[in-house]
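Peer 1: Sharing a structure with you now.
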Amino acid sequence: MNKLPHITLAFWVMKICATTLGETAGDLLSMTLNIGYAMSSLLLISVFVLTLVTQLYSRRYHPMLYWLVILSTSTAGTTMSDFMDRTLGLGYATGSALLIGILLLTFALWRLSGNPLDVNRIRNRGGELFYWMAILFSNTLGTALGDYLADDSGLGFAGGALLIGAAIAVVAGARYWTRISGVVLFWIAFVLTRPFGATLGDVLTKSQEKGGLDFGTIGSSAVLGGVLLVLVVMATQQREPQRVAERS
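Here it is in structure tokens:
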């Protein structure tokens, strides 16, 4: 019942693309279209629930469906984080600390349930549900952490992206040159790719006066959406021969 993709370099490229698109698309709804953080969050959480239920009740891995759920967690995470940090006035540091606690609690409950945290060993609906809850909260945390690095830390958007990129490189090196658990390193990398996408998305959309490239939320979202769609189609085509082999 493994309905999750293999963890390869292509997976991480698509993850970063999806999380960056989540940042730009979330800002497009809440700010450019002026829907607001609260209404955008409600709308995107509804989309997340719809895609999640479809994913949970599917019988096999569908690349298009899987990455649609990833994208919905990323966009919902963007507006949820902004609602907490800005509308509720918690601030980036407090919001990040709160979300770290929620994410750690999710992992603790997941472990206590008896389901493995290893994504290669998820074989039942309960384990898959914990997997998606961890992804939703990690993407929400990533937005808050990315905003903290870009704004409160003084690093700026490009500086924040470079710092997170360096941290991801360290985690990748630890995967091959240390004996640290691969499960731990996977989830650290998964969390880090979200603030990397958040800061990268801000670099693309923000004005040049703020340290960005001023591509705007609409243009950036369109380009990122096109790139992600091409990658998902390629993954789907690669999946077809595997399905034929499994049937035979």
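All residue numbers for the sequence shown refer to the numbering used here, where the first residue is 3 and numbers rise by one. The beta-carbon is built from N, C-alpha and C at its ideal position, and this holds for glycine as well. Quantities reported herein were computed from a predicted structural model and do not represent experimental measurements.
Once DSSP output is grouped into helix, strand and coil, what is the label at isoleucine 1?
Peer 2: Since the first and last residues shown for the chain are 3 and 250, residue 1 lies out of range.
Peer 1: Would you say the region 180-191 touches the region 116-130, given that touching needs at least three Cβ pairs under 8 Å?
Peer 2: Yes, the region 180-191 is in contact with the region 116-130.
Peer 1: Measuring only the C-alpha atoms, how far is lysine 5 from phenylalanine 13?
Peer 2: Lysine 5 and phenylalanine 13: Cα-Cα distance of roughly 14 Å.
Peer 1: Could I get the ranges of all uninterrupted alpha helix (DSSP H) runs contained in the region 82-145, with 4 residues as the minimum, in chain order?
Peer 2: List check, alpha helix (DSSP H) in window: 94-114.
Peer 1: Which whole-angstrom value is the C-beta distance of threonine 142 and serine 83, which I expect to be below 8 Å?
Peer 2: Yes, they are in contact, since the Cβ atoms of threonine 142 and serine 83 sit about 5 Å apart, within 8 Å.
Peer 1: Look up arginine 61 in the DSSP assignment and say whether it is helix, strand or coil.
Peer 2: Arginine 61 falls in the coil class under three-state DSSP.
Peer 1: Could you tell me the distance, in whole angstroms, from the CA atom of valine 246 to the CA atom of glutamate 25?
Peer 2: Note that valine 246 scores a pLDDT of 46, beneath 50, so its modelled location is shaky; the value from the coordinates is reported in the next line. The alpha-carbon atoms of valine 246 and glutamate 25 are separated by roughly 37 Å.
Peer 1: Buried or exposed: leucine 147, going by 16 or more other Cβ atoms within 10 Å of its Cβ?
Peer 2: Looking at its Cβ environment, which holds 16 or more other Cβ atoms inside 10 Å, leucine 147 is buried.
Peer 1: Determine, for threonine 180, whether the minimum Cβ-Cβ distance to residues of chain D falls below 7 Å.
Peer 2: Here there is only one protein chain, and chain D is not present.
Peer 1: Can you find the residues in the same chain that come closer than 6 Å, C-beta to C-beta, to tryptophan 134, ignoring five residues on each side of it along the sequence?
Peer 2: Leu54.
Peer 1: Helix, strand or coil for serine 183 per DSSP?
Peer 2: In this structure, serine 183 counts as coil in the three-state DSSP scheme.
Peer 1: Nearest CA to the CA of glycine 160: which residue from Trp179, Pro197, Leu101?
Peer 2: In the sequence under discussion, the amino acid at residue 160 is alanine, which differs from the glycine named in the question. Of the listed residues, the one whose Cα sits closest to alanine 160 is Pro197.
Peer 1: Please look up how many angstroms separate the CB atoms of phenylalanine 139 and leucine 101, rounded, as I've assumed it's under 8 Å.
Peer 2: Phenylalanine 139 to leucine 101, Cβ: 6 Å. Contact.
Peer 1: In its own chain, which residues sit with a C-beta less than 8 Å from the C-beta of leucine 45, not counting the 5 before and 5 after it?
Peer 2: The residues are Leu31, Ile37.
Peer 1: Going by DSSP, what residue range makes up the alpha helix (DSSP H) through glutamate 25?
Peer 2: Looking at the DSSP string, the run of the alpha helix (DSSP H) that includes glutamate 25 is 11-29.
Peer 1: Mind reading off the beta-carbon distance from threonine 22 to glycine 203? Whole number of angstroms is fine, and I expect it under 8 Å.
Peer 2: Indeed, because the Cβ distance is near 5 Å, the residues count as touching under 8 Å.
Peer 1: Measuring CA to CA, which of Ser48, Leu92, Gly91 is closest to valine 71?
Peer 2: Answer by Cα proximity: Ser48.
Peer 1: Do you know how far the Cα of leucine 151 is from the Cα of threonine 89?
Peer 2: Using only the alpha carbons, I get a separation of about 19 Å.
Peer 1: Taking the CB atoms as reference points, tell me whether serine 43 and phenylalanine 109 lie closer together than 7 Å.
Peer 2: Against a cut-off of 7 Å, the Cβ pair of phenylalanine 109 and serine 43 comes out as no contact.
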